Each structure stands twice: as C-alpha cells, then as structure tokens.
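Structure first, commentary second.
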Amino acid sequence: MHNNPLPRLDEHPEIRTQLLGFCRLKPGDIWVDPVFGHKVACMDASDARSIAALMGDDRAELAIHDPPYNLVAFETRSLDEYIAWSRRWVNATINATSPDSSLYFWLGADQRDHFQPLPDFMVMMREFPVQARSFITVRNQRGYGTQKNWMAVRQELLYYVRGNPVFNVEAEYTDIPKTLRGYYKDVGGERTENLERGKAETIRAGNVWVDIQQVFYRLEENVSGCYAQKPLKAIDRIIRASSNPGDLVIDFFAHSGTTLLAAEMAGRRCFTADIDPVFCELTIRRLEHYRRTGRTGWQNGHAFDKLLIDASRN
Ligand SMILES: C[S@@+](CC[C@H](N)C(=O)[O-])C[C@H]1O[C@@H](n2cnc3c(N)ncnc32)[C@H](O)[C@@H]1O
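With this note's numbering as the guide, the letters of the sequence shown map in order to residues 3 to 316.
Right, dumping it as structure tokens:
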C-alpha cells in the first residue's frame, strides 16, 4: 500500500495553507463540470444568495446534507446560534429543491450535553413545509467511550420529504441473507413460513443500517486529510432509493466529495458546495481521479501527492 497520507487538515493549518495554492476555486467561485454538468461551489450553505446563484433555474430531486454537528470536530457554537444557522441552510435547501423531493440530513447528538443538537434540530424542522419520513441510524464499527458507558457507535440520518417523491424500495436490500425462519402465516388456506413468502433472498436495510463499513485508511475510497468522510455505500443507497437516473442531487457540505462521486457513479447530476476552497479542490480532484483511474479515493496516498513533494523541493 502506498503510504503517504495527508494528516487531518483541521489539525494541521500549515498544510492547509500550503494546499490553498493548488485550489481552483476561491470563495464565490463555481466550477462547472464539462463532462456531465455537475457543479462544485466554494460558498457558505447558509447564504441564500450564493445558493440561488449555484442553483440558477435548476431544482433538485434530492438533498443529502452532512453539516458540522456542533460537536468535537469543526467549531462549536452556542446551541441557539447553531439552530439559527441551520434554519438558514435548511431554508436555502427548500428553495433549491423541487416540490416532490427527498431531504436527508446527517446529524450528531452529544450524549454529554443533553444530546444537542439533534432534538433541537428536529423541533426546528417542524417550521418547514416537509414531512418527517424516517429516523435512520448507521452503526459504525469503531466507536468512542469508556468502560463506564455504552460505546458510542451511531450515526444519525434524518429523512424528510416534500410532496410525493420517488422511493425505489429495491435500493433498500442489503447483501445479508435472510436466515430467520418461523414467522408462519396462513396464505390461501396454506400454512406458509416467511422465507417462502418473501420475494427477496436478502434482508432490507430498514432504519438501522448495520452493513456499512466506516471509511478508514485501508479502504480505496479513503481521502486522507479529511476527517468526516461518509462511506460511498451509504450515499449510494440514499441516491438509488430517493432519485432516478438523470435527477439532480445537492449536497452543500461536500468535504471529500462523496455525494458528487456517488452521483456520478449512479448517473445523477450533482451540485455540491463547501465553504473551504481546499475541500472544494479535493472534491473536484476526487471526481477527476475516478474518471482517470476508476478508483474512488487514494487509500493511504492523497490528492496532492506529487505537487506537495515538488513544492517542498523548490
Ligand atoms: C461533516 S463534513 C461533510 C462530509 C461529507 N459528507 C463527506 O462524505 O466527505 C462538513 C463539511 O462542511 C463544510 N462547511 C462547514 N460550514 C459550512 C458552511 N457554512 N457552508 C458550506 N460548507 C460548510 C466543512 O468545511 C466540511 O468540509
């Protein structure tokens, strides 16, 4: 394995500053993909005017947002400020989506601080013209905790809809074989067992996803330097369930560009944004790298590998 990772960029501001020199976008800029019409914007998700400029006349069928959670990584602010800020980007999202659309929001809950901001965010969402549809938990393999508490291994994912959007249930099936027998029911006068009745060989993901591997340095999809990367498999499941080929997907918190890449792989267009030019550049490079090599990330190498070595020689 190529072993030259970038360290976490939030913990190494000096490397982040060095990378700024390689960034195509500065705040306010929008990159338009010449191949498939995706867009990557360097902008603040809570700024209505910037988001309107990104969207133009397009409206998305699906939003997948993974904002900072007001927990450990990224800055933390008062809960009131965090909710006021969330209200602004949710509002921008509503304006950017079509009347029949799905909205997925990843969020965290601080168990040492009354589970903020999750419950507060859920209550805030009641102000918007959306319906709550599901509260999904993704189980991480690794967690954090002590010998005196349950290990924290959950990732929360809220699913809302506007109007009556698509839901492709076949996207929900996992690779996990159905094994549980013994749920008997009479069908047409015959006693049947659940494996005989079911159409699928595997179980549905349901709203607790246990079959998704967390991203870590041994996986091809790893984008070193990032510290909050979501697994492609999770985003792919959302995209296939809640959009159709050719639809537009938005993600205003791009980071490693997972939603853009998953959209490309599933034949959907994606408009994505990040406030940080370095994450915008990583997002664009990850797409270009995939198109060039078929690889979904750099595993334990990184997107600026050769450039940084050259820069340090000069
Ligand atoms: C949790 S990460 C998203 C991870 C992403 N789903 C992935 O798989 O890589 C949050 C991202 O939001 C960006 N961000 C923070 N505040 C923002 C804002 N106001 N507008 C746009 N992006 C913001 C951060 O720079 C960071 O890259």
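The beta carbon of each residue, even a glycine, is placed where N, CA and C say it ideally should be. Predicted model, so just to flag it, every value in this text is computed and none were measured.
Q. How would you write the range of the beta strand (DSSP E) that I138 sits in, first residue to last?
A. Here the question's residue 138 lines up with position 136 in the sequence shown. Membership of I138 in the beta strand (DSSP E) is indicated by the continuous run 133 to 146.
Q. With respect to 7 Å, is the separation between the Cβ of I96 and the closest non-hydrogen atom of ligand 2 below this value?
A. With respect to ligand 2, the structure offers nothing, as its ligand set consists of ligand 1.
Q: Express the C-alpha separation of T274 and L289 in angstroms, rounding to a whole number.
A: Locating residue 289 in the sequence shown gives position 287, where the first residue counts as 1. Locating residue 274 in the sequence shown gives position 272, where the first residue counts as 1. Whole-angstrom Cα-Cα distance: 12 Å.
Q) If you draw a straight line from the alpha carbon of R206 to that of V212, how long is it in whole angstroms? A) Here residue 206 refers to the residue found at position 204 of the sequence shown. Here residue 212 refers to the residue found at position 210 of the sequence shown. The alpha-carbon of R206 is positioned some 11 Å away from that of V212.
Q: Give me the Cα-Cα distance between G191 and T204, rounded to the nearest whole angstrom.
A: Here residue 191 refers to the residue found at position 189 of the sequence shown. Here residue 204 refers to the residue found at position 202 of the sequence shown. Looking at the two C-alpha atoms, the distance is approximately 26 Å.
**Q.** Rounded distance between the beta-carbons of L284 and G259, thought under 8 Å
**A.** On the sequence shown, position 257 is the one that residue 259 refers to. On the sequence shown, position 282 is the one that residue 284 refers to. Between G259 and L284 a beta carbon distance of about 6 Å is seen, short of the 8 Å cut, so the two are scored as contacting.
Q. Are there three or more Cβ pairs, one per stretch, closer than 8 Å when the region 160 to 169 is compared with the region 96 to 103?
A. Judged by Cβ distances under 8 Å, the region 160 to 169 makes contact with the region 96 to 103, as three or more pairs qualify.
Q. Is any heavy atom in ligand 1 found nearer than 7 Å to the beta carbon of H257?
A. Here residue 257 refers to the residue found at position 255 of the sequence shown. Ligand 1 has a heavy atom closer than 7 Å to the beta-carbon of H257.
Q. Thinking C-alpha only, which one of R297, L262, R271 is nearest I286?
A. For the purposes of this step, residue 286 is taken as the residue at position 284 of the sequence shown. When each option's Cα is compared against that of I286, the closest is L262.
Q. Since I214 contacts A65 with CB under 8 Å, what's their CB separation in whole angstroms?
A. Residue 214 sits at position 212 when you count from the first residue of the sequence shown. Residue 65 sits at position 63 when you count from the first residue of the sequence shown. Going by Cβ atoms, the distance from I214 to A65 rounds to 20 Å, so no, they are not a contact pair.
(Q) Considering only the alpha carbon of each residue, which of F255, L310, P279 lies closest to S88? (A) In the sequence shown, residue 88 corresponds to position 86, counting from 1. F255 is the residue among F255, L310, P279 whose C-alpha sits nearest the C-alpha of S88.
Q) Under 8 Å, do R270 and D238 count as touching if we go by C-beta distance? A) The residue given as residue 270 occupies position 268 in the sequence shown. The residue given as residue 238 occupies position 236 in the sequence shown. Cβ atoms of R270 and D238: not closer than 8 Å.
**Q.** N-terminal and C-terminal residue of the beta strand (DSSP E) that S100 is part of
**A.** Looking up residue 100 in the sequence shown gives position 98. S100 -> beta strand (DSSP E) spans 99 to 109.
Q) Going by alpha carbons, who is nearest to D333 out of G227, A265, I277? A) The requested residue 333 is not part of the displayed model; the chain covers only 3 to 316.
**Q.** Same chain, Cβ closer than 6 Å to K235, neighbours up to 5 away in sequence not counted
**A.** Within the sequence shown, the letter at position 233 stands for residue 235. Within the same chain, K235 has close Cβ partners I214.
(Q) Nearest by alpha-carbon distance to L182: which of R18, D115, S52, E195 is it? (A) Walking along the sequence shown from the start, residue 182 turns up at place 180. It is E195 whose Cα lies nearest to the Cα of L182.
(Q) Can you find the residues in the same chain that come closer than 7 Å, C-beta to C-beta, to R144, ignoring five residues on each side of it along the sequence? (A) Position 142 of the sequence shown, counting from 1, holds the residue named residue 144. Around R144: Q216.
Q) So F169 is in the beta strand (DSSP E); what residue range does that whole segment cover? A) Sequence index remark: in the sequence shown, residue 169 carries index 167 (1-based). Here F169 belongs to no beta strand (DSSP E), and DSSP marks it neither H nor E.
(Q) Below 7 Å, is the gap between the Cβ of C228 and the nearest heavy atom of ligand 1? (A) On the sequence shown, residue 228 is found 226 positions in, with the first residue counted as 1. A distance criterion of 7 Å places the beta-carbon of C228 in contact range of ligand 1, judged by its closest non-hydrogen atom.
Q) The alpha helix (DSSP H) spanning K235 covers which residue range? A) In the sequence shown, counting from the first residue as 1, residue 235 sits at position 233. Where K235 is concerned, the enclosing alpha helix (DSSP H) stretches over 234 to 244.
Q: May I have a chain-ordered list of the alpha helix (DSSP H) segments no shorter than 4 residues that lie completely inside the region 6 to 81?
A: For the region 6 to 81, whole alpha helix (DSSP H) runs of length 4 or above, ordered along the chain, are 15 to 22, 50 to 57.
**Q.** Nearest candidate by alpha-carbon position, reference K41, set S244, I17, A265, V92
**A.** Along the sequence shown, read from residue 1 onward, the residue named residue 41 stands at position 39. Comparing Cα positions, the closest option is A265.
Q: Would you mind reading off the limits of the beta strand (DSSP E) that contains I178?
A: Indexing the sequence shown from 1 puts residue 178 at position 176. For I178, the uninterrupted beta strand (DSSP E) segment begins and ends at 175 to 179.
Q: Measure the C-alpha to C-alpha separation of S245 and K150 and round it to an integer number of angstroms.
A: As a first step, residue 245 is located in the sequence shown; it is residue number 243 there, counting from the start. As a first step, residue 150 is located in the sequence shown; it is residue number 148 there, counting from the start. Approximately 43 Å, taken between the alpha carbons.
Q. Is D276 helix, strand or coil by DSSP?
A. Position 274 of the sequence shown, counted from the first residue, corresponds to residue 276. Looking at D276 - three-state DSSP - the assignment turns out to be strand.
Q: Please name the residue in G110, Y106, D115, H116 whose C-alpha comes closest to that of A134.
A: To locate residue 134, count along the sequence shown from 1; it is residue 132. The shortest CA-to-CA distance from A134 to any of G110, Y106, D115, H116 is the one to Y106.
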